[in-house]
Structures are given as C-alpha cells and as structure tokens.
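Okay, structure first, notes after.
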Amino acid sequence: MGKKDGESKPRGRMSSYAFFVQTCREEHKKKHPNDTVVFAEFTKKCAEKWKEMTPKEKKRFEDMAERDKSRYEKEMSSYVPAGGQAKKRKRTKDPNAPKRALSAFFFFCAEERPNVRAANPGIGVADVAKELGKKWEVCPNKPKFEQLAAEDKARYER
1 MGKKDGESKP RGRMSSYAFF VQTCREEHKK KHPNDTVVFA EFTKKCAEKW
51 KEMTPKEKKR FEDMAERDKS RYEKEMSSYV PAGGQAKKRK RTKDPNAPKR
101 ALSAFFFFCA EERPNVRAAN PGIGVADVAK ELGKKWEVCP NKPKFEQLAA
151 EDKARYER
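Here the sequence shown is numbered in the UniProt record's numbering, starting from 1 and rising by one per residue.
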C-alpha cells in the first residue's frame, strides 16, 4: 500500500475506534515488547473493550478522531491530484454484437466433453479440460474441427 511515484494524497482520516485500537496496540507493545500478536484475537479483545467503554471514556478517542478529520479536510482542500492518466473504464459490451468465432479446439471440446464425462464420471472441470487437451494433441480428425472453425470465423466476420 505504498505511494506511487511521488503521490502525495493525504492519508485518510481515522475513526475514534481506530485511534482506540492504535492506543491499545501501543500499550500492549509497552507491556509485552517481545510478544507476537495474533491480529484476530487482539482485535476481538479490543472490540469487547470498546463495547464495554462508557461514552465518557470514548470521548477522548472521539476528540482525537475529530482533530484528525479536520486535519484531513484541511489537507484535502489544498490537495491537487497529479495530472496523470485517469483510470480507464471497461468498455461496455454491445448486446447486439455477434458472439466471437470459436476455435477448432472449442468445437472439438463441445463434441468430446460428453464422452470424457461418461468415461470419468467423478472428475472435476479442470481434470476434464486436461483430458480434452491430451485428446486434442492426438486427435486424428483435426481438419474437421478446423473446417468448422473457419466457417464460424466467416460467420463472425460477416
């Protein structure tokens, strides 16, 4: 999550709970400097402590969050995004466009898949694909499927 090429976008603002967890972590490190912390257990304990805290006890962290919010807003007001390229959006697919032409291998798979499944009823999709690949390598009637692919390509190009 490092910054890219001199990016200086302000760090996001922290919530009162985030300040609380950060404080808990610092206290834990002071008490047990050599202990490794299991993140899931630590956050669970922090969440339990947070729920048990009174609003008066939470006030300190809420004030810290408020100060951080004003810091963030101040930094964002003076922040100017770098004039690099904007993220490109994915082109929307034309619903009326014809389906792409299938390759010879796809025609072969459409014909052979039921046979492979019948011969090996318990195997998964990946194993079926591997088996089809092996069969394609030694397929004697490839020209038949290549002819089907050429016809489909002509259909697509029309």
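Cβ coordinates follow ideal geometry from the N, Cα and C atoms, glycine included. Source: prediction; values computed, not measured.
DSSP three-state label for residue i, please.
| i | result |
| --- | --- |
| L132 | helix |
| D152 | helix |
| A104 | helix |
| S8 | coil |
| D63 | helix |
| A119 | helix |
| D94 | coil |
| K88 | coil |
| Y72 | helix |
Starting from the C-beta of residue i, find all residues in its chain whose C-beta is less than 8 Å away, skip the five residues before and the five after it, and write them out in chain order.
| i | result |
| --- | --- |
| E62 | S16 |
| residue 223 | As shown, the chain starts at 1 and ends at 158. That puts residue 223 outside it, with no answer to give. |
Could you tell me whether the Cβ atoms of residue i and residue j are closer together than 8 Å?
| i | j | result |
| --- | --- | --- |
| residue 171 | P10 | This structure does not reach residue 171, given that the chain is present from 1 up to 158, and the question cannot be answered. |
| K142 | A101 | no |
| F39 | A104 | no |
| Y156 | P98 | yes |
| Y79 | R13 | no |
Taking 7 Å as the cut-off, is the beta-carbon of residue i closer than that to any non-hydrogen atom of the ligand GTP?
| i | result |
| --- | --- |
| M14 | Within the structure as shown, the ligand GTP is missing, as the structure has no ligands at all. |
Could you name the residues of the same chain whose beta carbon sits closer than 7 Å to that of residue i, not counting the 5 residues immediately before and after it, in chain order?
| i | result |
| --- | --- |
| L132 | C109, E112, R113, V116 |
| K135 | E112 |
Under 6 Å Cβ to Cβ from residue i, same chain only, skipping five residues before and after it: list those, please.
| i | result |
| --- | --- |
| L148 | F107 |
| E151 | none |
Contact the region 17-33 vs the region 41-49: 3+ CB pairs below 8 Å: Enough Cβ pairs lie closer than 8 Å, so yes.
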